[in-house]
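Trainee: Numbering-wise, the sequence shown is residues 1 to 179 according to full-length UniProt numbering.
One structure coming up, written as structure tokens, with questions to follow.
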Amino acid sequence: MAKLLYSVTMSLDGYIAGPGGDMSWMTEFFAPNPMIGELIPDIGALLVGRTTYDGDDPHKDDEGAGKAFGGGWEGPQYVVTHRVPEQAPDGVTFVPDLATGLARAKAAAGDKYVNVLGADLARQLARSGDLDEVLTLIAPVLLGDGTPLFHEPGGRKVKLERIHQSAAPMATNLWYRVV
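So this is what it looks like as structure tokens:
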């Protein structure tokens, strides 16, 4: 059965996007990361929030523009949105609610990961108890403002257990299981 993995690159001060959703800050930290190279074949589907889907693409100025993991992964993507368009790009399915997206992504992923993209989507999945793991690649930069890795108004503690920790050329990889 598929597991849900929230994977994300984050600044050292906890932001996954800069002010206004800016993702351009990531480009200088793109470098081969062996752990990501090993993970990508284990991803069976993406579950994506609409803000993330419509957001800034850190690969917009290279050959990976508009592609998951800069073109390193291909497969079914399920975008959760209240604004379902009449047409979608190949491989992308827009779904009207989280329950539908979750069911479809898990079915498509089989025994591989459903990779969750989007802070709000990850927060909702943590709240519902559906999130299984969190992989954070910490980039050596301070942004000072933007979209936080996890924000729950009023606070919420989500206990994590470390699975793996490693260093890559331009990031520190921290992988946790949601307890």
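We treat Cβ as the ideally placed atom computed from N, Cα and C, and that holds for glycine.
Small disclaimer: the values here were computed from a predicted structure and weren't measured.
1) For A68 and K159, I'd like the C-alpha separation in whole angstroms.
2) Is it buried or exposed for T9, if we count other Cβ within 10 angstroms and need 16 for buried?
3) Pick out whichever of D13, T93, A126 and P85 has its Cα sitting closest to the Cα of R156.
4) Please report the straight-line C-alpha distance between P32 and P153, rounded to a whole angstrom.
5) Taking D145 as the reference, which of P76, L135, W25 and K3 has the closest Cα?
6) Out of A2, T81 and R177, which one is the CA nearest neighbour of L135?
7) Taking the straight line between their C-alpha atoms, what separation do you get for R123 and F150?
Mentor: Quick look at the numbers:
1) 29 Å
2) buried
3) A126
4) 35 Å
5) W25
6) R177
7) 6 Å
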